[in-house]
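For reference, the structure is listed below as structure tokens.
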Amino acid sequence: MSEPLLTTERLGKQFGALRAVFGVSLEFEPGVVHAIIGPNGAGKTTLINLLSGNLLPSDGRIHYRGQDITGMSPDRISQLGVGRSFQKTNIFPTFTCFENCWLAAQSRRPSSMRFFRPARRLADVEARALGALETCGLGERRDTLAAEMSYGEQRQLEIGMMLATEPDLLLLDEPLAGMGSEEATQVIGLLRRLAEEHTLILIEHDMDAVFAIADLITVMVNGEVLETGSVEQIRNSAEVQQAYLGVEEDEV
Amino acid sequence: MFRTSLTTNLILIGLLVVLAALPPFLGIYYGNLVTRLMILGIFAMSLDLLIGFTGLVSFGHAAFFGLSGYILGILMMDTETASIYWVLPACLGVTALASLVIGWFSVRTSGIYFIMITLAFAQMLFYFFNENTALGGSDGMFIFAKPTLAIGSWNPIDLEDHHTFYYVVLVSLILSYLGLRRLLNAPFGQVIQGIRTNEDRTRALGFATRRYKLVSFIIAGTLAGFAGFLEAMHTSIISPAHLGWHESGNVMMTVILGGIGTLHGPVLGAFAFGFLHDWLQDVTQHPTLYMGIFVIAVVLFLPRGIAGLPADIARWLRRKPPGDGGSPP
């Protein structure tokens, strides 16, 4: 097996008396689509927030490419090549699509402390921004204000902005949340294409999508890892059925 | 993102031509008033960089305006003439240093706390000068001579001349505006506008947002210091009132009236505010009361300030309902 890209050691996050994440030790292999599933409140988004630096862990360590990144700020983790998309659409609503991706692409310049030369003359940034717009399927919408687009398109833009930062590892927090089935199919196709060149850590409630895209699945319940395995293993695991999949069927 | 339409640019050029042609018709009183309003326009633009383009609502911006004036006063205290070539850099340098220190603490907070901490720092400076009898205490100090542009016996521009000073201020206003425009379209300007719109997302994209906010704070503070330098030169007096919260409140009002996040709006705001106040002083005993009513009316009916007026008129002419409550386009 190859060297893992990202590892967590007994990672934990406590909010007051609530143990949101507890003792999570996982390894994420390069080139693998690793989905994290679990019922609401299982600590999936908290885990992603710990990995991206948006939350400080209460316990444990995180290593990325062998480097300890525990407690690093989100901007430094992003600069290391970890991109993330958010569960709640998190874009610049008053910017056009192009401007959204532009700013994302500009973050890969050595420094943006440049005060005089117009930014629009930076050809490398423009190429990256336009490339990301094409890839996420919004090439036609380049001059539309982000706020004026449909919810699904905004979700696509969210992914486009992440891509414009040229990450190696993508943290995707429910990229399909709230999408219609047609839009979802489109985004699943996009994720499949991204998986060819990137490592993905994916939180998703849509089981069909997870089973279609993921190589590995980790099931979380109450902040802890219940099981990690291939799609087949997870599908057939009695424990998982009982803890998670089974519960959903009962509810239906 | 910062955008200006062709119409706006044409209107601005038209107004500049008017400002440039005006002095012979103004007389001393109105010449001085317009000079002062142009200086306040520079001051207000510097605050717009913070409020309108970085999302930092500073309630202590007058600290830099007044501090720069005091440095000028101190440097001119025991001398009859001084060269502007070292006095101006000294004033701007001290102001930049002060905004670095105040900004370093302030950008660690946000929202209401940022408002309070900037106010607290400004009040500290206010009391420092207010209690300092060597610097005239609450009366402030006179500045008997202006620094000169002379090199040896050759004086290319005589700053003591009212007309000349008017044009020096006008050119300063134009250069400040063009410089800020340039800044907003440069990579730095893109980042701070990202911060204003969505700071979390900007950080997630890999920008150390606090550093950009601090640099924006320093630039805005230094430009306010430049305005304060001109103001102290113009009025020949500097007093604690120049850096009190009242002055900070006035300039914030000017930015809001003129149009937050438009750059030229705050200059228009300074003129509207200044002329209205001047007129009200002649016709009523209670100018402040009517100023208050005016401010409320603008906030209610022109949510995008005076700079949004052309667009609002165009919309009324097309008989569509007015704007969505204030966010700049």
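If you read the protein sequences in the order shown, they are chains A and B. Per this note's numbering, residue 1 is the first one in the first sequence, and the count goes up by one each step. Per this note's numbering, residue 253 is the first one in the second sequence, and the count goes up by one each step. Even glycine gets a Cβ: it sits at the ideal position worked out from N, Cα and C.
Can you tell me where the alpha helix (DSSP H) holding residue i begins and where it ends?
i, result
"Ala563 of chain B", "Leu561 to Leu569"
"Asp391 of chain B", "From DSSP, Asp391 of chain B is part of no alpha helix (DSSP H); its letter is neither H nor E."
"Arg10 of chain A", "Segment Leu6 to Phe15 is the beta strand (DSSP E) holding Arg10 of chain A; no alpha helix (DSSP H) there."
"Asp173 of chain A", "Premise fails: Asp173 of chain A lies in the beta strand (DSSP E), Leu169 to Asp173, not in any alpha helix (DSSP H)."
"Glu27 of chain A", "Per DSSP, Glu27 of chain A belongs to no alpha helix (DSSP H); it is in the beta strand (DSSP E), Leu18 to Phe28."
"Ile367 of chain B", "Ile364 to Asn382"
"Thr218 of chain A", "Looking at the DSSP string, Thr218 of chain A is not in any alpha helix (DSSP H); the run it does join, the beta strand (DSSP E), is Leu216 to Val221."
"Ile48 of chain A", "Lys44 to Ser52"
"Gly477 of chain B", "Thr461 to Thr487"
"Val353 of chain B", "Ile336 to Ser358"
"Ser181 of chain A", "Ser181 to Ala195"
"Val423 of chain B", "His414 to Asn437"
"Ile62 of chain A", "Element bounds for Ile62 of chain A: not the alpha helix (DSSP H) but the beta strand (DSSP E), Asp59 to Tyr64."
Looking at the unbroken beta strand (DSSP E) that takes in residue i, where does it start and where does it end?
i, result
"Glu140 of chain A", "Careful: Glu140 of chain A lies outside any beta strand (DSSP E) and carries neither H nor E."
"Leu327 of chain B", "No beta strand (DSSP E) holds Leu327 of chain B; the alpha helix (DSSP H) holding it covers Ala314 to Leu327."
"Glu227 of chain A", "Glu224 to Ser230"
"Ile36 of chain A", "Val33 to Ile37"
"His498 of chain B", "Note, His498 of chain B: premise wrong, no beta strand (DSSP E); alpha helix (DSSP H) at Trp497 to Gly510."
By Cβ distance, which residues of its chain are closer than 6 Å to residue i, with the 5 residues on each side in sequence left out?
i, result
"Leu435 of chain B", "Gly441"
"Ala350 of chain B", "Leu319"
"Ser468 of chain B", "Thr306 and Ile444"
"Arg84 of chain A", "Ser52 and Leu171"
"Gly312 of chain B", "Thr370, Leu371, Phe373, Ala374 and Ser500"
"Gln582 of chain B", "For residue 582 of chain B there is no data in the structure shown, the boundaries of chain B being 253 and 581."
In or out: residue i buried (at least 16 other Cβ within 10 Å) or exposed?
i, result
"Thr199 of chain A", "buried"
"Asp300 of chain B", "buried"
"Leu308 of chain B", "buried"
"His34 of chain A", "buried"
"Lys398 of chain B", "buried"
"Val535 of chain B", "exposed"
"Val519 of chain B", "buried"
"Asp75 of chain A", "buried"
"Glu249 of chain A", "With a pLDDT of only 47 at Glu249 of chain A, under the threshold of 50, the placement of this residue in the model should not be trusted; the figure read from the coordinates follows. Classification of Glu249 of chain A: exposed, given that the 10 Å Cβ count is below 16."
"Thr370 of chain B", "buried"
"Leu258 of chain B", "exposed"
"Val346 of chain B", "buried"
"Asn450 of chain B", "buried"
"Tyr464 of chain B", "buried"
"Tyr64 of chain A", "buried"
Between residue i and residue j, what straight-line distance do the alpha-carbon atoms span, to the nearest angstrom?
i, j, result
"Ile159 of chain A", "Thr7 of chain A", "23 Å"
"Leu264 of chain B", "Arg567 of chain B", "21 Å"
"Gln79 of chain A", "Arg128 of chain A", "16 Å"
"Val252 of chain A", "Val231 of chain A", "The pLDDT assigned to Val252 of chain A is 40, lower than 50, so where the model puts this residue is not dependable, and the model offers no usable value."
"Gln241 of chain A", "Arg235 of chain A", "8 Å"
"Leu26 of chain A", "Leu377 of chain B", "54 Å"
"Ile188 of chain A", "Leu466 of chain B", "41 Å"
"Arg114 of chain A", "Asp59 of chain A", "39 Å"
"Gly71 of chain A", "Val270 of chain B", "57 Å"
"Ser208 of chain A", "Thr260 of chain B", "The displayed chain sequence assigns Asp, not Ser, to residue 208 of chain A. So the two alpha carbons sit approximately 53 Å from each other."
"Leu481 of chain B", "Leu552 of chain B", "Looking at the sequence itself, residue 481 of chain B is Phe, so the reference to Leu does not match. Near 35 Å, if we compare the C-alpha coordinates of Leu552 of chain B and Phe481 of chain B."
"Val550 of chain B", "Gly544 of chain B", "10 Å"
"Leu569 of chain B", "Gln154 of chain A", "33 Å"
"Arg453 of chain B", "Ser73 of chain A", "13 Å"
"Asp270 of chain A", "Gly266 of chain B", "Look at the range of chain A in this structure, 1 to 252, and you will see that residue 270 of chain A is not part of it."
"Thr256 of chain B", "Val547 of chain B", "25 Å"
"Ser237 of chain A", "Leu47 of chain A", "23 Å"
"Leu495 of chain B", "Asn502 of chain B", "11 Å"
"Gly16 of chain A", "Glu9 of chain A", "21 Å"
"Leu387 of chain B", "Leu457 of chain B", "48 Å"
Within a Cβ cutoff of 7 Å, which residues of the same chain sit near residue i, ignoring the five residues on either side of it in sequence?
i, result
"Gly81 of chain A", "Pro167, Asp168 and Leu169"
"Ser298 of chain B", "Ala472, Leu475, Ala476 and Ala479"
"His205 of chain A", "Glu174"
"Cys97 of chain A", "Leu133, Leu138, Arg141, Arg142, Thr144, Ala146 and Leu157"
"Gly178 of chain A", "Tyr151"
"Thr45 of chain A", "Gln87, Asp173 and Ile203"
"Leu432 of chain B", "Met297, Leu301 and Leu515"
"Pro408 of chain B", "Leu401"
"Ser112 of chain A", "Gln106"
"Leu226 of chain A", "Val219, Met220, Glu239, Val240 and Ala243"
Please return the same chain residues whose Cβ sits closer than 8 Å to the Cβ of residue i, not counting the five positions on each side in sequence.
i, result
"Phe92 of chain A", "Glu99, Asn100, Leu103 and Ala146"
"Thr165 of chain A", "Ser78, Gly83, Ala104, Ala105, Ser107 and Arg108"
Would you check whether the ligand ZN has a heavy atom nearer than 7 Å to the C-beta of residue i?
i, result
"Thr8 of chain A", "By its list of ligands, the structure shown contains no ligand whatsoever, and the ligand ZN lies outside what it can speak to."
Can you confirm whether the region 318–332 of chain B touches the region 390–400 of chain B when touching is taken to mean that 3 or more C-beta pairs between the two stretches lie within less than 8 Å? The region 390–400 of chain B, when compared against the region 318–332 of chain B, does touch it at the 8 Å Cβ threshold.
How do the region 555–570 of chain B and the region 505–518 of chain B stand: do at least 3 beta-carbon pairs fall below 8 Å, yes or no? Touching, yes, given that three or more Cβ pairs across the two stretches are closer than 8 Å.
Do three or more CB pairs link the region 416–426 of chain B to the region 263–281 of chain B at distances below 8 Å? The region 416–426 of chain B makes contact with the region 263–281 of chain B, as at least three CB pairs between them are under 8 Å.
Below 8 Å, how does it come out for the region 355–364 of chain B and the region 509–523 of chain B: are there three or more Cβ pairs, yes or no? With a cut-off of 8 Å, the region 509–523 of chain B and the region 355–364 of chain B do not count as touching, because too few Cβ pairs lie within range.
Could you say if the region 328–336 of chain B and the region 520–529 of chain B meet the contact criterion of at least three C-beta pairs nearer than 8 Å? With a cut-off of 8 Å on Cβ pairs, the region 328–336 of chain B is not in contact with the region 520–529 of chain B, counting fewer than three such pairs.
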